[in-house]
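Protein chains in written order, with the numbering used here: chain F, 882 to 1211; chain L, 882 to 1211; chain S, 882 to 1211. The C-beta atom is built at its ideal place from N, Cα and C for all residues, glycine as well. Worksheet for the structure shown next.
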Amino acid sequence: MQSPIDHRPGAQIHGRAVFPHAHLTGISGLQPHEILFLLDEAEQWIEANRTRAKSDHRLDGLTQINAFFENSTRTLLSFEIAGKRLGADVVNMHAAQSSVKKGETLIDTAMTLNAMRADVIVIRHMSSGAVQLIADKVDCPVLNAGDGSHEHPTQALLDALTIRRRRGSIAHQRVVICGDILHSRVARSNILALTALAAEVRVVAPSTLMPAAIEKMHVTPFTDFDAALEGADVVMMLRLQNERMSGAFIPSTREYHLNYGLTPERLARAKPDALVMHPGPMNRGVEIDSSVADMPGRSAITEQVEMGVAVRMACLDVLTRKARGVEGWA
Amino acid sequence: MQSPIDHRPGAQIHGRAVFPHAHLTGISGLQPHEILFLLDEAEQWIEANRTRAKSDHRLDGLTQINAFFENSTRTLLSFEIAGKRLGADVVNMHAAQSSVKKGETLIDTAMTLNAMRADVIVIRHMSSGAVQLIADKVDCPVLNAGDGSHEHPTQALLDALTIRRRRGSIAHQRVVICGDILHSRVARSNILALTALAAEVRVVAPSTLMPAAIEKMHVTPFTDFDAALEGADVVMMLRLQNERMSGAFIPSTREYHLNYGLTPERLARAKPDALVMHPGPMNRGVEIDSSVADMPGRSAITEQVEMGVAVRMACLDVLTRKARGVEGWA
Amino acid sequence: MQSPIDHRPGAQIHGRAVFPHAHLTGISGLQPHEILFLLDEAEQWIEANRTRAKSDHRLDGLTQINAFFENSTRTLLSFEIAGKRLGADVVNMHAAQSSVKKGETLIDTAMTLNAMRADVIVIRHMSSGAVQLIADKVDCPVLNAGDGSHEHPTQALLDALTIRRRRGSIAHQRVVICGDILHSRVARSNILALTALAAEVRVVAPSTLMPAAIEKMHVTPFTDFDAALEGADVVMMLRLQNERMSGAFIPSTREYHLNYGLTPERLARAKPDALVMHPGPMNRGVEIDSSVADMPGRSAITEQVEMGVAVRMACLDVLTRKARGVEGWA
């Protein structure tokens, strides 16, 4: 196996304005320079969002439908705010009130949104692959806001942007991702993005929550969190899903915390300035101690939320450029 | 009884710009030229919605409240998108979070919306007549988005628009409506609109789901779907409501499909170019086979959804003209 | 004890344009002239809302997040309409779909909203003090839309505005507030506002629903509703919460109505032109008779709703002035 650092020579080539994909269904399939292009595009919105001059008009008159078949406050809020700041007419479709409950097929729902002449559809779904299924059917760009245990590409982009801004670069950073690697779309998309950008990625999980052939993703697996943390530049904790807290995967929350919770003592094994990240919402005292989550200069957790809006603005902008006739979209 | 074709000589008179009604609570009470006026108004939005230049500003500064006491994803989305494309401030009131749960009367809720100075209120309610009750009390136009088993006028308008565009005309078209005629507000509004526009309407249902004196609505009732389909120009299938699938009305879903499901074999009894329609969401394999629902050149089901947004834009525009001081509203 | 009329000499001083508070978490802490300033600011929106020219652009480009951890149709609608009429990008966060359900702490939720760069956050929460907790943490103005049994300041402001417009003044008006004084944030905020503005406030409740040391709030407590009503200028009924209707606090709904329901006979004890108020939603036939609720020239209940939108527009405007660089905010 080639080292995760060397095997992608194109990773450091900053892209010209190229993003040739119609949809963003995952990090898989993106070239390193395409990922970097989206990060570069996101940069402009960070400062804008910090001022009062948030409003932009490039999506004026466009209809953005957020079709969330699975609840998610923060991701929905983030996409809704992103679209509104760009001027789009943003409409939310909540699963709870959806035709899905009436037995409609996913494709029929997608065709309905398409027939209403959406200009961009943001989808979150509990089934892996559901977003691609819809992307194959509709006439407008589709953005994956998380599908099953498959991908959550904008989370990976906002995490990469946070790392790049805080650590100066992504390449050669040792990033430790700890938690339910087996089921986590956040882990999966982050592994794809970070290895594409030549980071050294270590994944940590109890053996019951570690995928079988994880080495094929160019990461180094650990079951011992302490060992994995040695020399880490970034420690990215995953949320422990409540539904896994009891039962086959995890003996108990207390035992999970003992072995895989990020404590100040454990963090001391990482580099002295190592970054602490978490996609939220956090279970304080379970996968992460409050003292770590709130550690000044180390925790990047609220910054991740901020980068999320910027990254989603960039994705909504870039994906709709073709339809808007904007030069340089591809 | 006069024939449904001949008894309305005014049906083909295209109206000048006249819509003298303050509200749209139903098709009942509309003159044929008023129905055609709304269809004509809707035409302009079809092409506009297909381009990126969707945004219009005629409802700028107006407050549109969608008060949905009964859940409906597609109708709510359609009205929300319609209002936003016209520039209105659109606010949704969901029943699930409503004061109705706290024991407030419907009239009190209506007076509340009115006191907030809504400019147009779109209402969906599980009780027949609830929309009229509200329309009688408030100072702004009220649009019925479906009330009990009474009416669903914008559905009838979008269906009529679809037929007119696909068949060239509504007059003299043989339209077969099949399903729960007894409880369906879609059937009721469609019968009123289509007979007003001189179509020949046949209704098909098991006898338990056929109203007693349906002939008074100038339609021909059938219990035999095959017989009704002979020479049909349009086959409009109704959704089988889940709550009727078991119990007194329908022996079983399988038996319903056997007698009243639209299969390719059955469709062959209609004209070779007969249109297939369904208001959605569909129960594929129950009231309609997938091969029929997706039949190229024949199924108009997604086109119906598209016409829905255009029709609702027209209704919102026309009903608010008086308040906006626009010439020619009446 | 000093009389509630005389002990606040500053109450009648109309303020210059001064509102030095970053947040509006309650009426407590506001000076009389600051309350009056907000009422004066609200006046301009009343007429504007009655015309078609509702739309204002002073909050263009600003993000208003309505974070409602407790459901409330009318308050949410009112704040949403208020924000949209001022041009803000309004985003609703519903508790039902919230990260709170996933075990996130309130502070983490607040930090998330803050990191998304909200410009104003409107919060409703079931816990007293939750709004202050959030206000202490975020960088933008926070508006309390009701927190536990603590405060509901915009309700008190809209009630004060209604009284001032209908009675000419607030000072020296005898206002009788009847209902669950113990748990009601509406009562609490109203007592604070009305006594600050030199009204004479009487509170009426069964002894189980009367706070122990209520006299310290400069009001006169009564358990006998009839006695309290003598010479009243305003009768403000509180909603009987369903959760108190059975159990320790109230023997039965019927008995409550007998002793504390506002009937025409009872109202006759007040001044002949006494105003009837209720924050809604009403339980007709429980705390208030329909004939009283709908009494022409006497009931101000729908006017209260109307004043609500105007008051919330004023609060959103005033609180964001500092960030918008508008002169005269403080």
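- For the stretch 983–998 of chain L, the set of residues with a beta-carbon nearer than 9 Å to any beta-carbon of chain S comprises 983, 984, 985, 986, 989, 990, 992, 993, 994, 995, 996, 997, 998, in chain order.
- The beta carbon of residue 1106 of chain F lies closer than 7 Å to those of 1059, 1085, 1140, 1141, 1147 in the same chain, with the five residues before and after it left out.
- For residue 1079 of chain L, there are no neighbours in chain S by C-beta distance under 8 Å, as the nearest C-beta there is about 38 Å away.
- For residue 1185 of chain L, the secondary structure class from DSSP, reduced to helix, strand or coil, is helix.
- Taking 8 Å as the threshold, the shortest C-beta distance from residue 1161 of chain F to chain S falls below it.
- Judged by their CB atoms, residue 1057 of chain S and residue 1072 of chain S are not nearer to each other than the 8 Å cut-off.
- Between the alpha carbons of residue 963 of chain S and residue 1200 of chain S lies a distance of about 13 Å.
- Against chain F, the CB of residue 967 of chain S has no partner CB under 8 Å away; the residue lies outside that interface.
- Membership of residue 1005 of chain S in the beta strand (DSSP E) is indicated by the continuous run 1001–1006.
- Fewer than three beta-carbon pairs drawn from the stretch 968–977 of chain L and the stretch 1148–1159 of chain S are found closer than 8 Å, and the two stretches are therefore not classed as touching.
- With its beta carbon at least 8 Å from every one in chain F, residue 1143 of chain S lies outside the interface.
- Using beta-carbon distances, residue 1085 of chain F does not count as an interface residue toward chain S, since no partner is under 8 Å.
- A distance below 6 Å between beta-carbons, with the five flanking residues on each side excluded, links residue 969 of chain F to the following residues of its chain, in chain order: 940, 943, 945.
- Residues of chain L whose Cβ lies closer than 7 Å to the Cβ of residue 941 of chain F are, in chain order, 936.
- Taking 8 Å as the CB threshold, residue 1135 of chain L stays off the interface with chain F.
- S:920 is the residue among S:949, S:920, S:1196 whose C-alpha sits nearest the C-alpha of residue 1050 of chain S.
- Taken through DSSP and simplified to helix, strand or coil, residue 1093 of chain L comes out as coil.
- Boundaries of the alpha helix (DSSP H) around residue 960 of chain L: 954–966.
- Going by C-alpha positions, residue 1167 of chain L is about 8 Å away from residue 1121 of chain L.
- In the three-state reduction of the DSSP assignment, residue 1160 of chain L falls in the coil class, being assigned neither a helical nor a strand state.
- In this structure, L:927 is the residue among L:1182, L:927, L:902, L:985 with its C-alpha nearest to the C-alpha of residue 1191 of chain L.
- Per the coordinates, the alpha-carbon of residue 906 of chain L lies some 16 Å from the alpha-carbon of residue 951 of chain L.
- Separation of residue 1150 of chain S and residue 929 of chain S (C-alpha to C-alpha, rounded to the nearest whole angstrom) is 37 Å.
- DSSP places residue 992 of chain F in the uninterrupted alpha helix (DSSP H) bounded by 987–996.
- Counting only Cβ-Cβ distances below 9 Å, residue 1000 of chain L has contacts in chain S at 933, 935, in chain order.
- Per DSSP, the beta bridge partners of residue 1032 of chain S are S:1028.
- Pairing residue 916 of chain F with residue 1063 of chain F gives a Cβ-Cβ distance that is not under 8 Å.
- Bridge pairing for residue 905 of chain L: L:1024 [DSSP].
- Using a Cβ distance threshold of 8 Å, residue 965 of chain L and residue 988 of chain L do not count as a contacting pair.
- As DSSP reads the structure, residue 945 of chain F sits in a beta bridge with F:971, F:1001.
- Taken in chain order, the whole beta strand (DSSP E) runs of length 3 or more contained in the stretch 1095–1145 of chain L are 1101–1103, 1115–1118.
- Per DSSP, the unbroken beta strand (DSSP E) holding residue 1081 of chain S starts and ends at 1081–1085.
- DSSP places residue 939 of chain S outside both helix and strand once states are collapsed to three, so it counts as coil.
- Nearest in C-alpha terms to residue 957 of chain L, of all of L:1204, L:1036, L:1182, is L:1036.
- Close CB contacts of residue 1130 of chain F within its chain, under the 7 Å cut and outside five residues either way in sequence, are with 1089, 1090 (chain order).
- Proximity of residue 959 of chain F to chain S, defined by a Cβ-Cβ separation below 8 Å, is satisfied.
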